[in-house]
Amino acid sequence: MLASQTATQPQIMRVQLTVNGQPHSADVEVRVTLADFLRGTLGLTGTHLGCEHGVCGSCTVVVNGDGVRSCLMLAVQADGAEVLTIEGLEAADGTMHPIQQAFLESHSFQCGFCTPGFMMTVYELLEKQPEIPNEDIRAALSGNLCRCTGYQSIVAGVELAKQKLAGGTSDTPVAASATR
Ligand code: FES
Ligand code: FES
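In short: position in the sequence shown from 1, add 124, done, that's the numbering used here.
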């Protein structure tokens with residue numbers, strides 16, 4: 125090390141936030157992303173990291189009702205926020221959320237790597253637009269990438285999730301309607 129170089133101390137800040145209904149408080153380096161905080165500090169590894177620069181959507185979580193790319197958000201920016209991750213979709217008794225059930229019934233995954241990010245995007249989408257026309261679903265999902273290219277079945281899963289959340293009784297995967 126050159127004499128002119130001095131070791132810099134990491135800047136630490138305390139964050140307090142609610143994740144999946146549970147309050148958390150921790151000291152974090154200010155450079156730590158929300159994704160790394162969720163995965164590394166809280167052990168919530170259901171949030172996946174693909175590109176780590178905002179392209180793939182795999183790291184999507186919901187912060188104060190809005191879908192965000194947790195690889196682009198710092199943990200300290202989530203101070204005071206309500207965060208929902210894929211782990212929070214499932215009910216405490218293990219009952220799957222209608223979106224999870226719909227994806228399961230529609231086979232909306234292959235390797236499953238992109239699935240948590242898609243589900244959190246769909247959660248935000250159907251919270252904000254519960255009656256989104258089926259023909260608009262593809263555009264709404266365009267910020268999420270699936271490397272297995274299972275898009276037909278993912279769209280089918282969203283259509284079924286929409287029905288389930290609306291109280292519809294259809295348990296029939298609607299893959300056929302997604303083949304356009
Ligand atoms: S890992 Fe965040 S957008 Fe790809
Ligand atoms: S199911 Fe494999 S990346 Fe989407």
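In this text, a Cβ means the ideal position worked out from N, Cα and C, and glycines have one as well.
Residues bridged to residue 146 [DSSP beta-bridge criterion]: Bridge partners of residue 146: 143.
Cβ shell of residue 264 (< 7 Å), same chain only, five flanking positions each side left out: Closer than 7 Å at the Cβ level, and outside the excluded window around residue 264, lie 249 and 256.
Locate the beta strand (DSSP E) running through residue 343, then write down its first and last residues. Nothing can be reported for residue 343, as the shown portion of the chain is limited to 125 through 304.
Less than 8 Å between the CB of residue 227 and some heavy atom of ligand 2, yes or no? For ligand 2, not one heavy atom lies less than 8 Å from the Cβ of residue 227.
Residue 193 lies in the beta strand (DSSP E); which residues open and close that run? Note, residue 193: beta strand (DSSP E), 190 to 193.
Proximity to residue 220 [Cα-Cα], best of 289, 169, 145 and 279: Of 289, 169, 145 and 279, the residue nearest in Cα terms is 289.
Spatial distance of residue 303 from residue 230 (CA atoms): Confidence at residue 303 is low in this model, with a pLDDT of 31, below 50, so the placement of that residue should be treated as unreliable; the coordinate-derived value is given next. Distance between the alpha carbons of residue 303 and residue 230 is about 13 Å.
Could you compute how far the alpha carbon of residue 208 sits from the alpha carbon of residue 140? Straight-line Cα distance between these residues: approximately 14 Å.
Could you give the DSSP three-state label for residue 219: helix, strand or coil? Coil.
Under the DSSP definition of a beta bridge, which residues are partnered with residue 137? DSSP lists 152 as partners of residue 137.
What do you reckon, is the C-beta of residue 272 under 8 Å from a heavy atom of ligand 1? No, ligand 1 has no heavy atom inside 8 Å of this Cβ.
Please classify residue 274 as buried or exposed, where buried requires at least 16 neighbouring CB atoms within 10 angstroms. Buried, by the Cβ-count rule.
Any chance the region 153 to 172 sits against the region 236 to 245, with 3 or more Cβ pairs inside 8 Å? The region 153 to 172 makes contact with the region 236 to 245; the number of CB pairs closer than 8 Å reaches 3 or more.
Going along the chain, which residues of its own chain have a beta-carbon closer than 6 Å to the beta-carbon of residue 261, five neighbours each way excluded? For residue 261, where only same-chain residues beyond five positions count, the Cβ hits under 6 Å are 279 and 282.
At a cut-off of 8 Å, is residue 145 close to ligand 1 when judged by its beta-carbon and the heavy atoms of the ligand? For ligand 1, not one heavy atom lies less than 8 Å from the Cβ of residue 145.
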